[in-house]
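Residue numbers for the first sequence follow this note's numbering, beginning at 36 and rising by one.
Working notes, beginning with the structure itself.
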Amino acid sequence: MQRRFNPLEADAKWQHVWDEKQSFRADDASGKPRSYVLEMFPYPSGRIHIGHVRNYTMGDVLARFRRMRGYEVLHPMGWDAFGMPAENAAMEKKVHPGEWTRANIANMKAQLKRLGFALDWSRELATCEPEYYGHEQSLFLDLYEAGLVYRKESAVNWDPVDMTVLANEQVIDGRGWRSGALVEKRKLNQWFLKITQFADDLLEGLGSLDQWPDKVKLMQENWIGKSQGLQFRFRLDTVIGDIETLEVFSTRPDTIFGASFAAMAADHALALELAKTDPSLAGFAEECRRTGTAAADVETQEKLGYDTGVSVIHPFTGAKLPLFVANFVLMDYGTGAVMAVPAHDQRDLDFARKYMLPTPRVVSPDGKDAPVGDEAWTGSGTLINSGFIDGMDVEAAKTAVIARAQEEGWGKGTTVWRLRDWGVSRQRYWGTPIPFIHCDACGVVPVPRDQLPVTLPEDVSFDIPGNPLERHPAWKHVACPTCSRPARRETDTLDTFVDSSWYFIRFASQPGDRPFDKAEAERWLPVGQYIGGVEHAILHLLYARFWTRALNHCGKIDVKEPFAGLFTQGMVTHETYKAPDGRWLSPEEVERRGENYVVKSTDEAVSLGRVEKMSKSKKNVVDPDDIIDQYGADAVRWFMLSDSPPERDLPWTASGIEGSWRFINRLWRLFGDAAETGEGSEDRALLRKLHQTVDGVARDIEMLSFNKAVAKIYELANVIEKAAPSASRAGAIRALALLVAPMVPHLAEEAWADMGQPGLIADASWPPVDPELLVDDEVTIAVQVMGKLRDTITVAKGLPRAELEALALASPNVARTMEGAAPKKVIVVPDRLVNLVI
RNA sequence: GCGGACGUGGCGAAAUCGGUAGACGCAGCGGACUUAAAAUCCGCUUGCCCUAGGCAGUGCGGGUUCGAGUCCCGCCGUCCGCACCA
């Protein structure tokens, strides 16, 4: 055995063997218990990022570990391959998005292979291939037939220079990111998915996800935003056009007697009607729309209103309340209009103060009336100045007002959601074509299923901005499937979040003629452990939960929650370096000199910036390929698992990867001792440590606490190194190889072969644990006086209280502190401590 | 503004049920081996008084308890999410 582990040889060798033997191919017909381990599939941007390495290493350890524990593991990988970056590359580099994407996939796949992940590559998929998106089109038609797809006029961000629709993230400070032109809102007919139909179920379902982080569940809950309240109609004192009433929504119907005005959004139908005859109102509304899009500092934005001159009539008191158009009322929430109760809503109060409106109190914490100051009272209390609900508490008053409104027929209790339907239309080329045809005679007609997939044309140009599908000479011209007359294809493509909403099902089952086989997919689903970045906590995870429910609704699958367990891992961070002239420096340009850092080439002093997420702009990036070249896959994998808890950020350091590399070689040398049995005596203490470690590491891996598992392995390695040769030690070394196999598989495989063990360690079982060896026969007991540690004594486990007390009192340290006093009280926790109270 | 998480050595962190705070790693210091370096090995490493030993110590201030990093109350700070959601 060589003294130093040679990763360059070993990595390639074992990766080849695993490939040849198809070691990690999941068997659909297996009778073993199943485990589906999935990491969020990457966008093929070109290079694997260190964050991917951390993500996939975690999943890989779990997948390999579960295999060792006897599970049939599904651990697949694919590519979220549609999206804008490919089109940007096409515009900048004159390369076809498909060509660019496929080249990136090839690159990144080679990078992933170098890390030795236990992936079932036979199930690899890329969402940009018709073999995938064709099935997605068919699922889209299923949803359409189930009434979950509809078209609606909706505003998009329009770049008037590039003549193109922009995604929200392409709009920076109200301007197009490429052209810098002021972005306009344009109304287009767009496709929507009825996610709101499942709002309640998506919210309810969160309750069953006990293996999800609370944080993510809370974020989804807030996003769905359920509010219950009263929706009711105010009568207007004047009929405007044919409008006689104003519908409002309130979560605080109990405060209705405190309403002193009403307000509506600038785009409200009534406001638009009034603006027809009131030019200054039209001007004000225009102003609202402009500031509305800026949205940057809403917090500081002043509340502005315009008195329409119209009044609404209070349903209980008959009082006339002025009706304003106000910039703080949102058109697309509730009814786009509100009753304003200044005493009990901060926005209403700010507005009332500005426009000198009354602020009557109707809820009082102490039951007494008192003037309202600068802060609205939103807490609980007793109703006052409120007619028939006087004296009630807030909750009772809500119920009473809703009941009365329903009785009298002018309102009803309702639930309003923050969640909006999912707009899936994108006016882009590189996405799944929406399988519909527009016919002047027949309207919007679905593409017949035998004509799927609707494939993207290859001969497109990106010389002019806009959607290449729209201006392609032939693609969109087709015959109507119903009447055969000339018609036009839909040129919108689907949001890429649709692609990632069902890929985990396709991984589980991929027949050629349909999206998936129900029974086959159900055997794997739900995903047992899903791992990815917290940036997908809301949209991706919510859409995937919706899409799965939609398929369930269509009878396609008997699963509602796609991911039973979710884990969101932290980022990989790195120190930042700045040159004296303020330029960011990359780690390669910088060298450490004692306590300080200098520029390698010029010896200038470098100032050390914050530890931040790796980003190109800060130049604090480390390329996985370079590191693997230098240290091999296992050292990188080991580093990814060490030190930081996986949900927290992991600071990348040169010394850290060095340390991992040192440990790889320590293990390697230790594995070389596997044949040494010495005199062959049993080493009971070592066996205890081994069995405790095997047990502890298994539990840590199950809980994804890799940093703890790593620490336990270090401890065991330290103990084995110091132990004298024995049969126990030789056995412990073999067991150690099994323990580290999920984490550093190449090293483990190489050592396993060297030790002359049969088969691959990848196919070996996790070492068994002898429960008897988990408990120590000796324990160290803390001896405290008044809660302060004075001594420790090592005794046989399970020693009775009386004996422990006697031993504690016999301690010289204790005697000195007690100064001859007798303890007033003695607290004995068997096998843990004795506390003497004097 | 609302919601949430977190705060432990020089650094990343452990402490699973309220029971020996700082396991394990990094950095640092001292030593062995070496002509030398690398690699490796051994030892020390929270601060202070430094002597057996003692005192202080888990963001700050209180509290509960025989005993608090852990539980309760009130602050301070950092990070994340949402953002006029009626």
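Ideal Cβ positions, reconstructed from N, Cα and C, are used throughout, including at glycine.
Unbroken alpha helix (DSSP H) run spanning residue i, endpoints
i: Met143; result: Pro132 to Arg149
i: Glu166; result: Pro165 to Glu180
i: Asn257; result: Asp249 to Ile259
i: Asn123; result: Met119 to Lys128
i: Lys553; result: Lys553 to Trp559
i: Gln232; result: Note, Gln232: premise wrong, no alpha helix (DSSP H); not H, not E.
i: Thr450; result: It is not in any alpha helix (DSSP H) - Thr450 instead sits in the beta strand (DSSP E) that spans Gly446 to Trp452.
Cβ shell of residue i (< 8 Å), same chain only, five flanking positions each side left out
i: Leu316; result: Ala306, Leu309, Ala310, Tyr341, Thr343 and Val360
i: Arg186; result: Asn224, Gln225, Trp226, Phe227 and Val479
i: Phe76; result: Met112, Gly113, Trp114, Asp115, Ser535 and Tyr538
i: Thr490; result: Pro165, Gly169 and Pro468
i: Glu840; result: Val861, Val863 and Val869
i: Lys56; result: Leu795
Contact belief for residue i with residue j at Cβ below 8 Å, rounded distance in angstroms
i: Trp156; j: His781; result: Not quite, the Cβ-Cβ distance comes to about 17 Å (not below 8 Å), so this is no contact.
i: Val513; j: Ile472; result: 6 Å
i: Gly568; j: Thr603; result: 7 Å
i: Pro516; j: Val480; result: 6 Å
i: Asp46; j: Arg149; result: 7 Å
i: Leu705; j: Val775; result: No, Leu705 and Val775 are not in contact; Cβ-Cβ is about 10 Å, not under 8 Å.
i: Ala301; j: Val283; result: That belief does not hold up - the Cβ atoms of Ala301 and Val283 are roughly 16 Å apart, past 8 Å.
i: Trp258; j: Arg453; result: 7 Å
Residue i, enclosing beta strand (DSSP E) - first and last residue
i: Val814; result: Glu813 to Val820
i: Pro659; result: Per DSSP, Pro659 belongs to no beta strand (DSSP E); it is in the alpha helix (DSSP H), Pro659 to Tyr666.
i: Gln225; result: Glu219 to Leu228
i: Val429; result: Note, Val429: premise wrong, no beta strand (DSSP E); alpha helix (DSSP H) at Val429 to Glu443.
i: Leu183; result: No beta strand (DSSP E) contains Leu183, which DSSP labels as neither H nor E.
i: Val633; result: Asn631 to Val634
i: Val863; result: Lys860 to Val864
i: Leu281; result: Ile278 to Ser285
i: Thr199; result: Thr199 to Leu201
Beta-ladder partner(s) of residue i, from DSSP
i: Trp619; result: Lys613
i: Tyr464; result: For Tyr464, which the question treats as bridged, DSSP gives no partner whatsoever.
i: Cys474; result: Gly478
i: Lys648; result: Thr608
i: Pro521; result: Ala514
i: Tyr341; result: Val360
i: Pro350; result: DSSP lists no partner for Pro350.
i: Ser679; result: BP columns for Ser679 are empty, so no partner.
i: Pro483; result: Per DSSP, none; premise fails for Pro483.
i: Leu643; result: Tyr612
i: Glu188; result: Asn224
i: Lys823; result: Val820
i: Trp687; result: His609
i: Thr490; result: Per DSSP, none; premise fails for Thr490.
i: Ala298; result: Phe359 and Val373
i: Phe706; result: Paired residue(s): none; Phe706 is not in a bridge.
Residue i CB to nearest heavy atom of the ligand ATP below 6 Å
i: Gly242; result: This structure simply doesn't include the ligand ATP, nor any ligand for that matter.
Contacts around residue i, its chain only, beta-carbon distance under 6 Å, and the 5 residues preceding and following it disregarded
i: Phe362; result: The amino acid at residue 362 is misidentified as Phe; the sequence shows Asn. Answer for Asn362: Cys323 and Leu339, listed in chain order.
i: Trp247; result: Leu601
i: Arg382; result: Phe363
i: Ser652; result: none
i: Trp465; result: Phe117, Ala121, Glu122 and Pro132
7 Å Cβ shell around residue i - same chain, five flanking residues per side excluded
i: Ala709; result: Ala765, Ile768, Arg769 and Met790
i: Asp332; result: Only weak support is given to the placement of Asp332: the predicted model assigns it a pLDDT of 49, under 50, and the value that follows is read from those uncertain coordinates. Excluding sequence neighbours, Asp332 sits near nothing in its chain.
i: Val108; result: Ala61, Ser70, Val72, Ala98, Arg101 and Arg102
i: Met36; result: Since pLDDT at Met36 reaches only 48, below the 50 mark, its modelled position is unreliable, and the value read off the structure follows with that caveat. Taken in chain order, the residues that qualify are Gly707 and Asp789.
i: Asp494; result: none
i: Val96; result: Leu676, Ile736, Phe741, Pro777 and Met778
i: Lys67; result: Gly105, Tyr106 and Glu107
i: Ala330; result: The predicted model places Ala330 with a pLDDT of 45, which falls under 50 and marks its position as unreliable; any figure quoted below should be read in that light. Closer than 7 Å at Cβ, skipping near neighbours: no residue.
i: Lys859; result: Val872 and Ile873
i: Ala614; result: Leu620, Val634, Glu639 and Val641
In chain order, what are the residue ranges of uninterrupted alpha helix (DSSP H) at least 4 long that sit wholly in the stretch 746-813? 762-775 and 780-789
Counting only runs that start and end within the stretch 73-113, where is the alpha helix (DSSP H) found for 4 or more residues in a row? 85-103
At 4 residues or longer, what runs of the alpha helix (DSSP H) sit wholly inside the stretch 361-418? 381-389
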